[in-house]
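Input: a single structure, listed below in structure tokens.
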């Protein structure tokens with residue numbers, strides 16, 4: 004059985020029932036539906052409520068300049084189907100200029116997560132040093148979380164793991180030109196590793212360039228197991244256990 008630890012079901016263009024049926028047919032046991040805009044949260048939560056094997060998060064993608072407060076996130080994050088805060092973090096690739104607003108927004112999410120005692124979903128792009136620094140300054144290890152769609156170097160992974168964070172790999176790791184990420188993926192302890200689709204984005208081989216969906220997490224899992232020299236049964240079992248250990252609220256909705 005596999006877990007899609009990060010996707011955006013409500014951004015998929017295909018019928019939800021069809022997508023979830025294909026996921027089930029590919030042994031995807033649970034899906035974490037991740038929020039990127041507060042305006043989208045009602046739909047994200049509605050999907051999770053409607054399906055026992057879907058959980059939700061609440062948060063603002065780092066490129067979203069919408070204002071959010073700790074109190075707002077705490078209020079929205081109290082629902083039992085909300086198992087994480089995020090995705091949040093820093094993205095200096097798409098945003099330019101004075102990005103102090105982005106750093107403050109990141110801190111807001113961490114503070115809300117600590118109040119709720121729920122883990123964080125971290126997005127970082129072209130901002131690895133500041134991401135780690137803020138996580139450390141805000142004592143994010145109190146709740147930990149996951150470094151989603153990881154594409155950074157081993158040193159950043161090790162600093163994140165030192166704070167209790169899991170490292171999640173998407174279909175990017177299957178790309179032929181992703182040799183640096185593949186090298187890192189071989190060195191992450193299995194008990195700290197998660198898999199994801201980030202659907203509808205970043206479909207793995209052999210679907211690269213096409214819309215992604217939770218069913219395809221199987222291909223990322225099989226690739227990583229081969230890369231690491233681990234039986235797929237062992238890899239699938241451990242990454243599933245890792246997910247439910249981190250996102251404890253999800254275990255009640257399986």
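Numbering (our numbering), first residue to last: 4 to 257. Backbone N, C-alpha and C fix where the C-beta goes; we use that ideal spot for every residue, glycine too.
Pair within 8 angstroms by beta-carbon distance, residue i and residue j
| i | j | result |
| --- | --- | --- |
| residue 199 | residue 171 | yes |
| residue 86 | residue 121 | yes |
| residue 272 | residue 246 | With the chain running from 4 to 257 in the structure shown, residue 272 is simply not present. |
| residue 36 | residue 16 | no |
| residue 146 | residue 165 | no |
| residue 218 | residue 97 | no |
| residue 207 | residue 222 | yes |
| residue 125 | residue 151 | yes |
| residue 205 | residue 173 | yes |
| residue 136 | residue 94 | no |
| residue 14 | residue 209 | no |
| residue 39 | residue 63 | yes |
| residue 4 | residue 177 | no |
| residue 56 | residue 34 | yes |
Of the listed residues the options, nearest to residue i (C-alpha basis)
| i | options | result |
| --- | --- | --- |
| residue 160 | 9, 181 and 192 | 192 |
| residue 92 | 77, 78 and 149 | 149 |
| residue 175 | 164, 142 and 212 | 212 |
| residue 184 | 202, 127, 154 and 81 | 154 |
| residue 11 | 201, 21 and 40 | 201 |
| residue 32 | 238, 39, 6 and 250 | 6 |
| residue 240 | 152, 137, 30 and 135 | 30 |
| residue 51 | 20, 130 and 78 | 20 |
| residue 163 | 181, 254 and 123 | 123 |
| residue 131 | 140, 158 and 78 | 158 |
| residue 18 | 180, 216 and 139 | 216 |
| residue 28 | 220, 249 and 248 | 220 |
Whole-Å CB distance - residue i paired with residue j, under 8 angstroms assumed
| i | j | result |
| --- | --- | --- |
| residue 22 | residue 44 | So it is not a contact: roughly 20 angstroms between Cβ atoms. |
| residue 41 | residue 71 | 6 angstroms |
* Could you name each continuous beta strand (DSSP E) segment of 3 residues or more that falls completely within the stretch 171 to 246, going from the start of the chain to the end? => Runs of the beta strand (DSSP E) inside the stretch 171 to 246: 196 to 198.
* Asked: Along the chain, which unbroken stretches of the beta strand (DSSP E) at least 3 residues long are found entirely within the stretch 25 to 104?
  -> Qualifying beta strand (DSSP E) stretches, in chain order: 31 to 36, 57 to 61 and 85 to 94.
* Can at least three beta-carbon pairs, one atom from the stretch 219 to 239 and one from the stretch 171 to 191, be found at a separation below 8 angstroms? -> Touching, yes, given that three or more Cβ pairs across the two stretches are closer than 8 angstroms.
* Three-pair Cβ contact test at 8 angstroms for the stretch 107 to 127 versus the stretch 63 to 83 -> Contact between the stretch 107 to 127 and the stretch 63 to 83 is present, because at least three Cβ pairs lie under 8 angstroms.
* In chain order, each alpha helix (DSSP H) run of at least 4 residues that lies wholly inside the stretch 121 to 147 -> Secondary structure in the stretch 121 to 147: the alpha helix (DSSP H) runs of 4 residues or longer, each lying completely within the stretch, are 131 to 140 in chain order.
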